[in-house]
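Comments concern the structure below.
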Amino acid sequence: MGWFFSTSKKEFDSIDFSILKTDMHSHLLPNLDDGSSSIEDSIILVNQLNKLGFDNLITTPHIMSDYYKNTPDTINKALDKLKSEISEINIKVSAAAEYYVDYEFKQDIKKKKFLTFGENFILVEFSFISKPIKLKEIIFDLQVNGYTVVLAHPERYSYLSVRDLLLLKERGVLMQINLLSIIGYYSESVKNKLKRIIDHNLVSFVGTDCHNIHQANLLHKCFTDPYWHKLVNSGKLLNCQL
Ligand SMILES: [Fe+2]
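Numbering (this note's numbering), first residue to last: 45 to 286.
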């Protein structure tokens with residue numbers, strides 16, 4: 045009993061994101077998706093993330109056949125514009141993408157060269173409602189084409205259990221959790237699922253998935269959270285290798 049009370053009251057030191065160096069999931073480029081809606085906001089977001097400790101931002105606009113028809117060309121043009129506006133900030137900014145897995149995406153695997161980061165990592169997201177059809181086939185197709193699949197925010201798909209995620213990991217899929225899930229930003233159930241994911245040592249990357257200034261202003265709340273500390277101490281995070 046004494047142990048329970050002492051740990052429940054334990055205060056954690058503050059660890060900022062400089063320990064990660066790199067954020068590899070965000071929506072900082074203006075007017076490409078549901079992220080930043082102006083170059084002014086994009087500049088503020090880069091500054092904020094820099095203040096939180098990041099010195100390398102790999103931003104990842106949505107590519108989604110129905111809603112966000114971004115291409116390497118639209119993304120790189122927006123990236124060049126942002127880079128020209130932030131030359132005074134001591135930070136590296138580059139771009140990949142967050143690909144929505146659907147029928148069109150599957151068709152594109154053999155036809156297109158996807159935007160990736162690091163060692164040909166491709167960031168993918170699923171529908172929040174139902175599991176993608178032929179998921180095993182899609183993962184396999186990506187892997188035989190040289191990609192390593194990184195699943196964005198697995199804690200947010202209510203239809204995927206921790207066991208499902210363990211099976212995906214066995215297939216070579218790496219997991220990227222959202223920092224805001226740690227503080228319960230999306231929901232209490234997402235937060236609880238995330239804790240079980242962390243307890244199973246399933247996390248390879250963490251990302252801000254930052255879309256706006258409101259989210260950027262909440263991120264510092266992670267710094268003293270025990271599960272953030274547990275992630276840092278897991279020795280499994282690959283962000284600083286990017
Ligand atoms: Fe995202």
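C-beta: ideal position from N, C-alpha, C; glycine also.
Predicted model only: the values in this text are computed from it and were never measured.
- Annotation: the segment 123-180 contains the following complete segments of the alpha helix (DSSP H) (minimum length 4 residues), in chain order: 147-152.
- Taking 8 Å as the cut-off, the beta carbon of H106 is found no closer than this to the beta carbon of N100.
- Collapsing the DSSP output to three states places S58 in coil.
- Segment contact: the segment 121-137 against the segment 77-95, three or more CB-CB distances shorter than 8 Å; contact assigned.
- In the DSSP assignment, S225 falls within the alpha helix (DSSP H) that extends over L223 to I226.
- Checking the 7 Å criterion, the Cβ of D253 is within range of a heavy atom belonging to ligand 1.
- Per DSSP, the beta bridge partners of S70 are C254.
- Comparing C-alpha distances from L238 to each of F56, D152 and K274 shows the shortest one belongs to K274.
- Placement of the Cβ of E142 at a distance of less than 7 Å from at least one heavy atom of ligand 1 is found.
- Taken atom to atom, the span from the alpha-carbon of N245 to that of G279 is near 9 Å.
- Residue I183 holds the alpha-carbon nearest to the alpha-carbon of Y191 among F172, P198 and I183.
- Distance from the Cα of S233 is smallest, within the candidate group L212, L159, L186 and V206, for V206.
- In this model, K150 and Y271 are separated by some 35 Å (Cα to Cα).
- Boundaries of the alpha helix (DSSP H) around V234: E232 to D243.
- Ligand 1 approaches T104 closely enough that one of its heavy atoms is under 7 Å from the residue's Cβ.
- Short of 6 Å from the beta carbon of E169, and not among the five residues preceding or following it, lie these beta carbons of its own chain, in chain order: E142, Y144 and A196.
- K155 and D57 have their alpha carbons spaced roughly 49 Å apart.
- Counting only the Cα atoms, E55 lies some 47 Å from N189.
- H273 has its Cβ no nearer than 7 Å to any heavy atom of ligand 1.
- A Cβ-Cβ distance of about 5 Å is found for the pair T252 and D67, placing them in contact under the 8 Å criterion.
- If you draw a straight line from the Cα of I242 to the Cα of K125, it is about 37 Å long.
- As computed with DSSP, F249 is found in a beta bridge with Q220.
- Within its own chain, the residues whose Cβ lies closer than 8 Å to the Cβ of R240, once the five positions on either side in sequence are excluded, are V206, listed in chain order.
- Around the C-beta of Q259, 16 or more other C-beta atoms lie within 10 Å, and the residue is accordingly described as buried.
- Judged by DSSP in its simplified three-state form, T192 adopts strand.
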